[in-house]
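The next block holds one structure in the form of structure tokens; read it before the comments.
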Amino acid sequence: MKNDCLTDKVAVVTGARRGIGRAVAVTFAGAGADVVVCDIVDGDGGLKETEEAVKKLGSEALALKTDISLRDDVERMALRALEVFGRIDVLVNCAGVWIPGETLVECGDEHWDAVMNTNLKGTFLCCREVGRRMIAQRSGCIINLSSQVGRTPAMGAGAYSTSKAGIIMLTMQMAQEMARYKVRVNALAPGIVKTEFNAGFWKGAELEKQASGMVPLGRLAETEDIARAALFLASDAAGYITGEVIGISGGWSPTSSVAEP
Ligand SMILES: NC(=O)c1ccc[n+]([C@@H]2O[C@H](COP(=O)([O-])OP(=O)(O)OC[C@H]3O[C@@H](n4cnc5c(N)ncnc54)[C@H](O)[C@@H]3O)[C@@H](O)[C@H]2O)c1
1170 MKNDCLTDKV AVVTGARRGI GRAVAVTFAG AGADVVVCDI VDGDGGLKET
1220 EEAVKKLGSE ALALKTDISL RDDVERMALR ALEVFGRIDV LVNCAGVWIP
1270 GETLVECGDE HWDAVMNTNL KGTFLCCREV GRRMIAQRSG CIINLSSQVG
1320 RTPAMGAGAY STSKAGIIML TMQMAQEMAR YKVRVNALAP GIVKTEFNAG
1370 FWKGAELEKQ ASGMVPLGRL AETEDIARAA LFLASDAAGY ITGEVIGISG
1420 GWSPTSSVAE P
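In my numbering, each residue carries its 1-based index in the sequence shown increased by 1169.
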């Protein structure tokens, strides 16, 4: 793909302090976009580093501390982005949390709310707030982060998998509603990506070898694998694609097999 395919575009990326969000922000900047980078955490230098990495590539960047689960924060973020850049062409909803380990009948209200409020409600709030602006512009592209676990249940993924399945329907529903305004809405469903998010699953040579062994393509995903798919969806090359969920899993999917008690 031509690497100037987002020239003159403005992108908002949530969860951009690290991981997939940072890779998306940097990849989009490399393709010419100005990027608003948001995260609930801005105190550890991570968000600043992403902002600087975007600027190094010659794009404009704006870092905004934003908790996507709070409507006021999300409204403030969209207003500020519009104030500075005048438009938002692409929204990539990468912010997400994972609280592993429980079955749904063991899942406490607090865990359920924490996962749902960020993953599903937060993604909805960002889509709604930015989507309204895109409708007014009569153009735009939204990319949501679901997961292979949002398509197939996995032991220990309870509230998380449920939230990611919800993101798939949110994506398809919004795509239907917004197509007439030339706003496209799609989702990515990664498999196992090497980020801090799931470090306990792959960090260390032995663990990574084991985890890679479950993936038909023989390796775990790098954050850039996901960012390149986001770039495709954001570009004109994907101009006729909406309401889709694209798996980026190396062929991996969770099994619902139950470990021996
Ligand atoms: N890593 C994987 O294997 C994997 C697989 C499938 C899907 N995903 C999804 O991809 C997305 C990014 O995951 P990642 O691996 O880069 O994780 P990560 O933990 O490295 O990054 C997530 C970012 O979201 C931010 N965040 C959390 N809650 C927030 C909130 N309320 N408001 C704003 N920001 C918030 C975190 O501070 C963090 O910087 C997530 O939605 C995740 O569910 C990841």
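Every residue gets a Cβ at the ideal spot worked out from N, C-alpha and C, and that includes glycine.
About 13 Å separates the CB atoms of A1230 and V1193; that is not less than 8 Å, and the two are not in contact. If you check the C-beta of T1364 against ligand 1, you find a heavy atom less than 6 Å away. For ligand 1, a non-hydrogen atom lies closer than 6 Å to the CB of R1186. Rounded to the nearest whole angstrom, the C-alpha separation of V1299 and D1394 is 25 Å.
In this structure T1183 is in contact with C1263, their Cβ atoms being roughly 6 Å apart against a cut-off of 8 Å.
Secondary structure note for D1203: its beta strand (DSSP E) is the uninterrupted segment D1203 to D1208. Excluding its 5 nearest sequence neighbours in each direction, T1272 has C-beta neighbours in its own chain below 7 Å: G1327, listed in chain order. For T1196, the distance from the CB to the nearest heavy atom of ligand 1 is not below 6 Å. Taking K1234 as the centre and dropping the five residues before and after it, the same chain places the C-beta of D1211 closer than 6 Å to its C-beta, in chain order.
Counting of Cβ neighbours within 10 angstroms places A1202 among the buried residues, the total reaching 16 or more.
The nearest non-hydrogen atom of ligand 1 is 6 Å or more from the C-beta of A1399. At a Cβ-Cβ threshold of 7 Å, V1318 and P1385 do not count as neighbours. If you check the C-beta of T1287 against ligand 1, you find a heavy atom less than 6 Å away.
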